[in-house]
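**Q** Handing you a structure now.
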Amino acid sequence: MASNIENLAEKTAKLSIDPIYETNWCDMPVEVKLECIERMDFKERLSLRCTAKAEKSLADSQKMDFSEALIFRNYITVASNKTSLTKMFKDEKIWLSLMQYVLKIGVFDKISFLVGNKLNNYIDDFLTNCTEMISAKNIDFGDIDMKTAIVILEKLKDGVESIGFNAHNRSWFSLDDVLLQSKVQNASYCQIKNLMFLGCVQKVAQMWIDKDSKIGTTFQVSVVIVINGPFGSFATDLADRIPEQFFDPDSDDSRYDDYYGYDDYYDRDYDDNEDIFGRHVDDIDEDWHGNYYM
């Protein structure tokens with residue numbers, strides 16, 4: 008029995024055990040603090056930022072992965088693999104301060120903006136003077152000023168996969184300005200809801216042609232139809248690039264179907280006061296390929 012205990016003691020002494028430090032946070036070297044901050048969740052980082060200027064600088068220097076961030080007019084929600092946190096605000100300056108911090112350190116899978124016109128100027132001023140680029144794979148603009156949306160797009164790092172807009176049927180939403188943005192041109196998926204129709208189908212198609220967009224690019228738009236529907240001149244303008252066409256035979260605007268074998272491709276309810284059209288484009292030549300739904 009005694010020999011067994013001696014052997015066990017000898018083996019234990021040879022084990023590699025990390026030392027346990029009993030020291031104050033302020034006495035730790037910077038590299039140890041940074042390692043600790045990297046392991047903190049978002050709430051813990053916020054608490055650390057409130058302690059001292061030096062700790063705030065350290066916390067601000069470390070990036071953090073977020074699965075989603077929602078930046079709304081009176082609250083901000085962030086979610087990561089570990090946890091989620093929602094902060095509500097009455098003070099706009101405090102709201103802006105947290106938004107700045109979130110955008111600075113965040114690496115987002117998805118980020119959504121719904122801030123309303125009241126706070127647009129705050130965002131514009133911050134982003135215009137900000138040297139940091141926003142890292143996000145997917146971004147969605149809700150109720151946000153067009154100018155502010157463009158400013159945010161220009162501050163995004165390359166590599167954005169999807170972009171969403173809501174035009175709210177407002178005349179100030181400029182499709183031309185949106186299509187000029189390189190992030191929109193290079194995104195594999197883009198969606199615009201509630202757009203007032205002003206030749207949008209042709210404009211999107213022409214952008215794809217001019218930029219030689221990648222095969223598989225998708226652009227979805229829901230529109231307010233104006234006079235005889237959106238496809239009046241689409242097929243004519245791009246006749247040399249569309250090998251097949253499909254028109255819903257149940258629609259009052261279209262009475263024929265030459266997309267053979269796809270009579271039941273769409274199954275939709277139609278409002279008496281609204282025309283809804285569908286187009287699925289396959290095998291467009293190398294200059295333009297994608298799925299387009301109207």
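Counting along the sequence shown from 1, when you hit position 129 you're at 136 in our numbering, and nothing is skipped either side. Positions of the beta carbon are idealized from the N, C-alpha and C atoms, including for glycine. Remember, predicted model here, so these are calculated numbers, not experimental data.
Here's a check: name, in chain order, each residue in its chain whose Cβ is nearer than 8 Å to the Cβ of residue 229, leaving out the five neighbours to either side.
**A** Mapped onto the sequence shown, residue 229 falls at position 222. Correct list, in chain order: 199, 200, 201, 202, 301.
**Q** Rounded to the nearest angstrom, what separates residue 244 and residue 134 at their Cα positions?
**A** For this step, residue 244 is matched to residue 237 along the sequence shown. For this step, residue 134 is matched to residue 127 along the sequence shown. Between residue 244 and residue 134, the C-alpha separation is close to 39 Å.
**Q** State the Cα-Cα distance for the pair residue 276 and residue 209, rounded to the nearest angstrom.
**A** On the sequence shown, position 269 is the one that residue 276 refers to. On the sequence shown, position 202 is the one that residue 209 refers to. Residue confidence is low: residue 276 scores 40 on pLDDT, short of 50, so the model does not pin down where it sits. Its coordinate-derived value is still stated next. Rounded to whole angstroms, residue 276 to residue 209 spans 26 Å at the Cα level.
**Q** Are the Cβ atoms of residue 65 and residue 37 separated by less than 9 Å?
**A** Taking the first residue of the sequence shown as position 1, residue 65 is located at position 58. Taking the first residue of the sequence shown as position 1, residue 37 is located at position 30. Closer than 9 Å, so yes.
**Q** Residue 57 by DSSP, collapsed to three states: which one?
**A** Residue mapping note: residue 57 aligns to position 50 of the sequence shown, counting from 1. Three-state DSSP puts residue 57 in coil, outside helix and strand.
**Q** What number of angstroms, rounded off, separates the C-alpha of residue 168 from the C-alpha of residue 144?
**A** Residue numbering aside, residue 168 sits at position 161 when the sequence shown is read from its first letter. Residue numbering aside, residue 144 sits at position 137 when the sequence shown is read from its first letter. For residue 168 and residue 144, the distance between alpha carbons rounds to 5 Å.
**Q** From the DSSP output, read off the bridge partner residues of residue 148.
**A** Here residue 148 corresponds to residue number 141 of the sequence shown, with the count starting at 1. Its beta-bridge partners are 120.
**Q** Under 9 Å between the Cβ atoms of residue 158 and residue 186?
**A** Residue mapping note: residue 158 aligns to position 151 of the sequence shown, counting from 1. Residue mapping note: residue 186 aligns to position 179 of the sequence shown, counting from 1. Cβ distance not < 9 Å, so residue 158 and residue 186 don't count as in contact.
**Q** Across the region 145–152 and the region 103–113, are there enough close Cβ pairs to call them in contact, namely three or more that are closer than 8 Å?
**A** The region 145–152 is not in contact with the region 103–113.
**Q** Taking all protein chains shown into account, decide if residue 160 is buried (16 or more other Cβ within 10 angstroms of its Cβ) or exposed.
**A** The residue you call residue 160 lines up with position 153 of the sequence shown. The residue in question, residue 160, is buried, as its Cβ has 16 or more Cβ neighbours within 10 Å.
**Q** If you compare alpha carbons, which of 207, 246, 196 is closest to residue 222?
**A** By one-based count along the sequence shown, residue 222 stands at place 215. Here the closest residue by C-alpha is 196.
**Q** May I have the straight-line CA-CA distance separating residue 55 from residue 68, to the nearest angstrom?
**A** The sequence position of residue 55 within the sequence shown is 48, counting from 1. The sequence position of residue 68 within the sequence shown is 61, counting from 1. Between residue 55 and residue 68, the C-alpha separation is close to 13 Å.
**Q** Of the residues 179, 72, 182, 214, which one's Cα is nearest the Cα of residue 193?
**A** Translated into the one-based positions of the sequence shown, residue 193 becomes position 186. Minimum Cα distance to residue 193 is reached at 214.
**Q** Would you mind reading off the limits of the alpha helix (DSSP H) that contains residue 154?
**A** The residue given as residue 154 occupies position 147 in the sequence shown. Per DSSP, residue 154 belongs to the alpha helix (DSSP H) from 153–161.
**Q** To the nearest angstrom, report how far apart residue 90 and residue 44 are at their CA atoms.
**A** Here residue 90 corresponds to residue number 83 of the sequence shown, with the count starting at 1. Here residue 44 corresponds to residue number 37 of the sequence shown, with the count starting at 1. Cα-Cα distance, rounded: 16 Å.
**Q** Going by the CB atoms, is the gap between residue 170 and residue 191 shorter than 9 Å?
**A** Indexing the sequence shown from 1 puts residue 191 at position 184. Indexing the sequence shown from 1 puts residue 170 at position 163. Yes. Within cutoff.
**Q** Would residue 142 pass as a contact of residue 164 if the rule is Cβ separation under 9 Å?
**A** Start at 1 with the first residue of the sequence shown, and residue 142 comes out as number 135. Start at 1 with the first residue of the sequence shown, and residue 164 comes out as number 157. Yes; because the gap between Cβ atoms is below 9 Å, this pair is in contact.
**Q** Here's the rule: buried if 16 or more other CB atoms are within 10 angstroms of the residue's CB, otherwise exposed. What is residue 39?
**A** Indexing the sequence shown from 1 puts residue 39 at position 32. Exposed, because fewer than 16 other Cβ atoms sit within 10 Å of the Cβ of residue 39.
**Q** Return the first residue and the last residue of the beta strand (DSSP E) that residue 202 is part of.
**A** By one-based count along the sequence shown, residue 202 stands at place 195. From DSSP, the beta strand (DSSP E) with residue 202 extends over 196–203.
**Q** Can you tell me whether residue 193 is helix, strand or coil according to DSSP?
**A** Numbered from 1 along the sequence shown, position 186 holds the residue referred to as residue 193. Looking at residue 193 - three-state DSSP - the assignment turns out to be helix.
**Q** Once you ignore the five residues that flank residue 146 on each side, which residues in its own chain have a CB closer than 6 Å to its CB?
**A** Mapped onto the sequence shown, residue 146 falls at position 139. Hits under 6 Å: 118, 170.
**Q** Would DSSP call residue 95 helix, strand or coil?
**A** By one-based count along the sequence shown, residue 95 stands at place 88. Strand at residue 95.
**Q** Can you tell me the Cα-Cα spacing of residue 48 and residue 104, whole angstroms?
**A** Stepping through the sequence shown from its first residue, residue 48 is reached at position 41. Stepping through the sequence shown from its first residue, residue 104 is reached at position 97. Rounded to the nearest angstrom, the two C-alpha atoms are 19 Å apart.
**Q** Could you please give the first and the last residue of the uninterrupted alpha helix (DSSP H) stretch that includes residue 4?
**A** There is no way to answer for residue 4, as the model of the chain reaches only from 8 to 301.
**Q** In three-state terms, what does DSSP make of residue 42?
**A** Residue numbering aside, residue 42 sits at position 35 when the sequence shown is read from its first letter. Note: residue 42 maps to helix in three-state DSSP.
**Q** Under the DSSP definition of a beta bridge, which residues are partnered with residue 77?
**A** As a working note, residue 77 is residue 70 in the sequence shown. According to DSSP, residue 77 bridges with 84, 119.
**Q** Tell me which residue opens and which closes the beta strand (DSSP E) that residue 170 is part of.
**A** Translated into positions along the sequence shown, residue 170 becomes position 163. Element bounds for residue 170: 169–173.
**Q** For residue 95, tell me which candidate among 88, 87, 107, 78 has the shortest Cα-Cα distance.
**A** Taking the sequence shown and counting its residues from 1, one reaches residue 95 at position 88. Nearest C-alpha to residue 95: 78.
**Q** Please state whether DSSP places residue 72 in a helix, a strand or coil.
**A** Here residue 72 refers to the residue found at position 65 of the sequence shown. Here residue 72 sits in strand by DSSP.
**Q** Between the Cα of residue 188 and the Cα atoms of 176, 106, 50, 162, which residue gives the shortest distance?
**A** By 1-based counting over the sequence shown, the position of residue 188 is 181. The shortest Cα separation from residue 188 among 176, 106, 50, 162 belongs to 162.
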